[in-house]
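Residue numbers (my numbering), protein chains in the order written: chain D, 1073 to 1477; chain P, 1073 to 1477.
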């Protein structure tokens, strides 16, 4: 019998299933109020536009041939060009050579870590951080430093999501962005900018991306330290699995070789479908998504104000899909989420999941998502959570009273 | 200005563009006779079946939602089940839990290396080997041992393509398969079996896969040391980017976590398209592919017999897409391919590209592919190559005569 455990690479001992994905599987059955997930709402995907684009491709023999043969590793030329124009339009002037097409932005995060990290290298990451980024980085065995506050000396890159980031929903101010660019310049480190939510802004004025600001500083994308990941998963649909990395051509050329060695190329069919749809529908699809998610955010914020006891605080995101809740220090959010699921049929994610290895987690934090939930069930779910928090606070107070008696 | 070269991970210094992919780009323009490539022929892709499958998915709201939302990391359940049945049907009984869906089999090769290799670990590989496999493995910094002949002690796995492998077109005999299973058992190493050409057999009786033979030895897939990669790229179409890894559930579970951290999931749309098409069309599509490629193989073998001077030898593949040519020892195939392209407008790939780092290449070897070329241009291309070989042999003889004078 093969001893697979002996064969696994050293780092694989550390690889465990993400609590979130496992929980999502459990929750697929049953009458649960989902405040945990974070999937885009399939009700708003542009089905008709994709069906039309698909019919156009199949009815044109030349397009159909291109759609089914291997695509170039760097991406379908017309889509690369479209994305370069799109990035230019949002303040980050660049050429197709500055773009690599990836399978969603998750693959971009994986590839940048593969490009930059040798085992034992330092990676700075926002704390708390997107769990998918942490799992991608873990495979290359870095040591982590927290941003902000950690020691940047020797770090290969700093990973941030400037706009309404997962999990906190918070946005970096213009000043914080300038400071991070200074920190990167001062320490010779790269910046990995996760732009996956940037189109989902519901209030306030858009801020320039770190990539745009770095280009403004240096005069050209070629001289910047920024790799920016983007995706159509939140605006069009996730399962086309098309995203991109934008950055200096010197880094993109290496990333193309990584793409080639990893899975040769992203599906040409999906890149062509995407291109047809974004050309005509991106603005409308983004507007629809923003209208739907804005209303859901507002409902959930109202429910929190109505049902959470004093001492509980939460963020008020200007966009994205998440609200971050801070319970009174004495409460353990992992226990809360376990009880909420078992006793109240409400799912939420304890904040501890979003901390990198070696960085202490704040155990009284909680991520809620409003992306898939209408105002009535959101209010009901938050009310049940609020009641549980109240009950746990009372038991804690009782325990404290007993121990100090 | 960012110093990207300083930031790249140690191993990235070694990563260079594959000569083949670069050459393919160069050759996309111009009147070249392509004996180099190895792409499947787009004339035989099942366009109508895919167009119909696509229309069915878009016209059914429930299917369309599933097609666009994130798929499970392990793969679309119905496709996993279909592949488990398919593997069972070809002698390797297994369950859906033994299958991970990947973006083509290239991603399977990458993931197995990511699972098993820490820097400095030993990987055995067939010599010469599929260049895409070598580039995938390189990223995890192994040292290589040649199979057969190299020292297997301490190797994490042995990579082989038993059927009509790239680049040589040769097939492992049943006895060689048994010996490799013994070698793996004796050294506690895994076997990574690349099954990508296994359906493209034009003559002779099919041999059982190493996975099937290991299951027969051990009684269950769970006790085997084999991970088997498969793909629909050669039978249906490459750009759906759907392949799989089959193996013991203990390894598949870890590979699912790698998939999740690498790109979350393969496109649900593409998995569903593929499933619709393989259910009704795989047998017919495979038959068409075999008929077309068999004829092209025969034409190229006939052209070689007609035009190659004495002292040149080549393989007679029972399937796949490649013929391996061995020139007389004194000839350098790299020089030959450069001159063939520049002077004769004929592309071919020198064999040196297919040797892993640290293993000496046989410089007098050459890979030809017959997948995309009809009999007339194939004969013309081989005739020009043959004339060049003759000329180079005469100059070498002249040089030898002068030096020994």
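Ideal Cβ positions, reconstructed from N, Cα and C, are used throughout, including at glycine. Model, not experiment: these values are computed from the prediction.
Contact under 9 Å by Cβ, residue i with residue j
| i | j | result |
| --- | --- | --- |
| residue 1232 of chain D | residue 1212 of chain D | no |
| residue 1345 of chain D | residue 1373 of chain D | no |
| residue 1147 of chain D | residue 1338 of chain D | yes |
| residue 1246 of chain P | residue 1279 of chain P | yes |
| residue 1315 of chain D | residue 1178 of chain D | yes |
| residue 1150 of chain P | residue 1347 of chain P | yes |
| residue 1436 of chain P | residue 1410 of chain P | no |
| residue 1454 of chain P | residue 1375 of chain P | yes |
| residue 1412 of chain D | residue 1423 of chain D | no |
| residue 1458 of chain P | residue 1379 of chain P | yes |
| residue 1361 of chain D | residue 1162 of chain D | no |
| residue 1287 of chain P | residue 1172 of chain P | no |
| residue 1396 of chain D | residue 1243 of chain D | no |
| residue 1335 of chain P | residue 1176 of chain D | yes |
| residue 1438 of chain P | residue 1408 of chain P | yes |
| residue 1390 of chain P | residue 1274 of chain P | yes |
| residue 1400 of chain D | residue 1384 of chain D | yes |
| residue 1207 of chain P | residue 1103 of chain D | no |
Coil, strand or helix - residue i by DSSP
| i | result |
| --- | --- |
| residue 1468 of chain D | helix |
| residue 1183 of chain P | helix |
| residue 1308 of chain P | coil |
| residue 1419 of chain D | strand |
| residue 1293 of chain D | helix |
| residue 1435 of chain D | coil |
| residue 1232 of chain D | strand |
| residue 1101 of chain P | Note on residue 1101 of chain P: pLDDT 49, under 50, position unreliable in the model; the coordinate value appears next. Three-state DSSP puts residue 1101 of chain P in coil, outside helix and strand. |
| residue 1441 of chain P | strand |
| residue 1119 of chain D | helix |
| residue 1193 of chain P | coil |
| residue 1106 of chain D | strand |
| residue 1300 of chain D | strand |
| residue 1460 of chain D | helix |
is_contact[residue i, chain D] using C-beta, thresh 9 Å
| i | result |
| --- | --- |
| residue 1171 of chain P | no |
| residue 1139 of chain P | yes |
| residue 1176 of chain P | yes |
| residue 1468 of chain P | no |
| residue 1274 of chain P | no |
| residue 1186 of chain P | yes |
| residue 1191 of chain P | yes |
| residue 1297 of chain P | yes |
| residue 1158 of chain P | no |
| residue 1333 of chain P | yes |
| residue 1341 of chain P | yes |
| residue 1413 of chain P | no |
Any non-hydrogen atom of the ligand ATP closer than 8 Å to residue i Cβ
| i | result |
| --- | --- |
| residue 1305 of chain P | With respect to small molecules bound, the structure shown includes none, and the ligand ATP cannot be examined in it. |
Minimum Cβ-Cβ distance from residue i to chain P less than 9 Å
| i | result |
| --- | --- |
| residue 1380 of chain D | no |
| residue 1338 of chain D | yes |
| residue 1114 of chain D | yes |
| residue 1080 of chain D | yes |
| residue 1330 of chain D | yes |
| residue 1365 of chain D | no |
| residue 1076 of chain D | yes |
| residue 1204 of chain D | yes |
| residue 1402 of chain D | no |
Same chain, Cβ closer than 8 Å to residue i, neighbours up to 5 away in sequence not counted
| i | result |
| --- | --- |
| residue 1228 of chain D | 1188, 1189, 1193, 1194, 1195, 1214, 1261, 1262 |
| residue 1289 of chain P | 1253, 1296 |
| residue 1249 of chain D | 1234, 1279, 1280, 1282, 1285 |
| residue 1157 of chain D | none |
Neighbour flag for residue i against chain B, beta carbons, 9 Å
| i | result |
| --- | --- |
| residue 1261 of chain P | Any reference to chain B falls outside this structure, whose protein chains are D and P. |
Residues near residue i in its chain [Cβ-Cβ closer than 7 Å; skip 5 each side]
| i | result |
| --- | --- |
| residue 1130 of chain D | 1136 |
| residue 1111 of chain P | 1443, 1444 |
| residue 1381 of chain P | 1458, 1461, 1462, 1465 |
| residue 1032 of chain P | Lying outside 1073 to 1477, the shown extent of chain P, residue 1032 of chain P is not represented and no answer is given. |
Own chain, CB closer than 6 Å to residue i, minus 5 neighbours either side, in chain order
| i | result |
| --- | --- |
| residue 1449 of chain D | 1105 |
| residue 1076 of chain P | none |
| residue 1386 of chain P | 1376, 1395, 1397 |
Exercise for the section: Specify whether the segment 1230-1246 of chain D and the segment 1265-1285 of chain D touch according to this definition: at least 3 beta carbon pairs, one from each stretch, less than 8 Å apart. Expected result: yes
Problem - Inter-stretch contact (C-beta, 8 Å, three-pair minimum) for the segment 1180-1191 of chain D and the segment 1151-1168 of chain D - result: no
Practice task
Would you check if the segment 1352-1360 of chain P and the segment 1195-1206 of chain P touch, i.e. whether three or more CB-CB distances between them fall below 8 Å?
Solution key: no
Practice task
Indicate whether the contact test is met: 3 or more Cβ pairs, each with one atom in the segment 1302-1310 of chain P and one in the segment 1137-1146 of chain D, closer than 8 Å.
Solution key: yes
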